[in-house]
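Here the numbering used here is used: the first residue of the sequence shown is 34, the next is one more, and so on.
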Amino acid sequence: MKIGNIKPSPYVNAVRRASAVRAVDSATVQQAADSAAVLGIPEGELTPKVRTAIMTLLSEVQRLRDEVQQSQRRIAYLEQLADQDSLVPVVNRRAFVRELSRVMSYGNRYGVASSVLYFDINGMKRINDTLGHAAGDAALLHVSRLIGENIRESDIVGRLGGDEFGVILTHADPITAREKAQTLAAAIEQTPVDWKGGPIALRVSWGAYTFAQGESADAVLEAADKAMYQHKHEAGRA
Numbered sequence: 034m035k036i037g038n039i040k041p042s043p044y045v046n047a048v049r050r051a052s053a054v055r056a057v058d059s060a061t062v063q064q065a066a067d068s069a070a071v072l073g074i075p076e077g078e079l080t081p082k083v084r085t086a087i088m089t090l091l092s093e094v095q096r097l098r099d100e101v102q103q104s105q106r107r108i109a110y111l112e113q114l115a116d117q118d119s120l121v122p123v124v125n126r127r128a129f130v131r132e133l134s135r136v137m138s139y140g141n142r143y144g145v146a147s148s149v150l151y152f153d154i155n156g157m158k159r160i161n162d163t164l165g166h167a168a169g170d171a172a173l174l175h176v177s178r179l180i181g182e183n184i185r186e187s188d189i190v191g192r193l194g195g196d197e198f199g200v201i202l203t204h205a206d207p208i209t210a211r212e213k214a215q216t217l218a219a220a221i222e223q224t225p226v227d228w229k230g231g232p233i234a235l236r237v238s239w240g241a242y243t244f245a246q247g248e249s250a251d252a253v254l255e256a257a258d259k260a261m262y263q264h265k266h267e268a269g270r271a
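1. Note down, one range per segment and in chain order, each beta strand (DSSP E) of at least 3 residues found wholly within the segment 176–207.
2. Taking 8 Å as the cut-off, decide whether the C-beta atoms of Asn-141 and Arg-192 are in contact.
3. So what does DSSP say about Ala-241, is it helix, strand or coil?
4. Exposed or buried, which one is Val-123 when buried takes at least 16 other CB atoms within 10 Å?
5. Quick one: what does DSSP say Pro-81 is sitting in, helix, strand or coil?
6. Using the beta-carbon count (16 or more within 10 Å), is Lys-158 buried or exposed?
7. Closer than 8 Å is the cut-off here; do at least three beta carbon pairs connect the segment 255–262 with the segment 130–146?
8. Provide the residue(s) that pair with Leu-150 in DSSP beta bridges, ordered along the chain.
9. For Ala-210, I'd like the list of residues in its chain whose CB is within less than 7 Å of its CB, leaving aside the five on either flank, ordered along the chain.
10. Report the three-state DSSP secondary structure of Asp-227 (helix, strand or coil).
11. Would you tell me roughly how many angstroms separate the C-alpha atoms of Val-130 and Gly-195, rounded to the nearest one?
12. At what residues does the alpha helix (DSSP H) containing Arg-161 begin and finish?
13. In this structure, does DSSP put Val-145 in helix, strand or coil?
14. As a quick exercise: from Arg-96, Gly-231, Leu-235, Ile-208, pick the residue whose alpha carbon is nearest that of Asp-153.
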């Protein structure tokens, strides 16, 4: 025989609510007693008035703690937002330079070789002028995705401005850096952007530079940028 849903009687519900209230009150009293012990208040002086004052204080402390945690989450979100590029899912130039300085400090301290790659997407003006800025944005997103898929988790990619990207390669000597730059360039050039059913072929110029002790982050970026322009000149690209 199938028995339908049986709802508790109002009396049962009332008993359950009363039991729940008693449990909460008991926990509240115990919490007040525990707090009084921590504060050094003798049990004999824990009058109802003192207990109420303690619980009010604990409630205020909890409220302030919640506000602090909420503020910390908000600050963390804003910091992440400040580091994020406005278009592509990589860090912006400011955050990239900061991370570069951090990696350089680590390398100087422990004698670890690390390198920077500098990429420039050739012909972006032509893409924007002929296909529109939406196509140009799609190309930038495409490049950032390809770079991200072909580097280690310990490496850092950032957009340095316009059509330029940088990659920080940790624990990478000059040979390793050049090989990785060539690999990334090949991945970009061999994987066209799919734009409205048609491919957009991309060409890139790149430069690689390995840090030297005592250099600044700005000097390292300038050296990598110079290497990129030398490669662009040798390849006859614009």
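Cβ coordinates follow ideal geometry from the N, Cα and C atoms, glycine included.
Reading it off the structure:
1. Runs found: 189–194, 197–202.
2. Not in contact: Asn-141 and Arg-192 (Cβ atoms no closer than 8 Å).
3. In this structure, Ala-241 counts as strand in the three-state DSSP scheme.
4. Around the beta carbon of Val-123, 16 or more other beta carbons sit within 10 angstroms, so the residue counts as buried.
5. In the three-state reduction of the DSSP assignment, Pro-81 falls in the helix class.
6. Counting the other CB atoms within 10 Å of its CB gives Lys-158 a total below 16, which places it among the exposed residues.
7. Fewer than three Cβ pairs drawn from the segment 255–262 and the segment 130–146 lie within less than 8 Å of each other, which leaves the two stretches out of contact.
8. The partner list for Leu-150 (beta bridge, DSSP) reads Val-200, Ala-241.
9. Closer than 7 Å at Cβ, skipping near neighbours: Ser-148, Leu-150, Leu-202, Ala-241, Thr-243.
10. Reduced to three states, the DSSP call for Asp-227 is strand.
11. Going by the C-alpha atoms only, they are around 16 Å apart.
12. Checking the displayed sequence, the identity of residue 161 turns out to be Asn instead of Arg. Following the DSSP letters along the chain, one finds Asn-161 inside the alpha helix (DSSP H) bounded by residues 157–164.
13. Coil, per DSSP.
14. The option with the nearest alpha carbon to Asp-153 is Leu-235.
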